[in-house]
Amino acid sequence: MKKLLNDWKGYLMSGISYMLPVVIGGSLVVAVPTIIALCFGVTNLGSYKTGIWHLMNEIAQIGWTGIGLVNLVLAGYIAYAIGDKPGLAAGFIGGAFATDSNMGFLGALVAGFAAGYTARWCQNHIHVGEKFETIMPLVVVPLNSTMVIAILMGVILKDPLL
1 MKKLLNDWKG
11 YLMSGISYML
21 PVVIGGSLVV
31 AVPTIIALCF
41 GVTNLGSYKT
51 GIWHLMNEIA
61 QIGWTGIGLV
71 NLVLAGYIAY
81 AIGDKPGLAA
91 GFIGGAFATD
101 SNMGFLGALV
111 AGFAAGYTAR
121 WCQNHIHVGE
131 KFETIMPLVV
141 VPLNSTMVIA
151 ILMGVILKDP
161 LL
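What follows is the structure, given as structure tokens:
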């Protein structure tokens, strides 16, 4: 049990280590134009449609887009830590769905772990002929793990059945 918890901690920390630069970069890109505007007495960049303040608002919006990628990156790299490259697609898709459906950070965690373990299971248990071995990490594993994430996140967890 202790090994399993240590493994989970490692996977979570891997996802967080990839997520931090996204959070920091996005936050700073939001903060710099906002601070510049505040120095000149401008409190709402969104009300300007032209000029330098409009440019500052556009830069800040790009930062908000970066911050919006946090769940996607977290889930993707948790899945990567568990299931290697074939888990990335399902992790990213699950993280994006967690954001879009307001599942947030916890939804991204579920998506990342589920995608990673599904990808690992597929790699270990689905066997194809030698002729098709090269398509396993490119087609078979991402397809199966993404389908599992679609069912888990889109059907089971989105609107839980009572």
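According to UniProt numbering, the stretch in the sequence shown is residues 1 to 162, in order. Positions of the beta carbon are idealized from the N, C-alpha and C atoms, including for glycine. No experiment lies behind these values; they were computed from the predicted model shown.
Query                                                                                                                          : Result
Cut-off 7 Å between Cβ atoms - residues of its own chain near residue 88, not counting five sequence neighbours on either side : 76, 79, 80
Touch test, the stretch 30 to 38 against the stretch 54 to 64, Cβ-Cβ under 8 Å, three pairs minimum                            : yes
Contact check, residue 98 vs residue 107, beta carbons under 7 Å                                                               : yes
Own chain, CB closer than 6 Å to residue 138, minus 5 neighbours either side, in chain order                                   : none
Residue 12, enclosing alpha helix (DSSP H) - first and last residue                                                            : 2 to 39
Inter-stretch contact (C-beta, 8 Å, three-pair minimum) for the stretch 118 to 128 and the stretch 142 to 151                  : yes
Collapsed DSSP secondary structure at residue 80 in the structure displayed                                                    : helix
Distance between beta carbons of residue 111 and residue 153, contact taken as under 8 Å                                       : 6 Å
Own chain, CB closer than 8 Å to residue 113, minus 5 neighbours either side, in chain order                                   : 8, 11, 78, 79, 82
Pairwise C-alpha distance: residue 136 and residue 94                                                                          : 20 Å
Where residue 42 falls: helix, strand or coil (DSSP)                                                                           : coil
Endpoints, alpha helix (DSSP H) assigned at residue 105                                                                        : 104 to 125
For residue 21 and residue 36, the rounded distance between their alpha carbons                                                : 22 Å
Cutoff 7 Å; reference residue 25; Cβ partners in own chain excluding five residues on either side                              : 66
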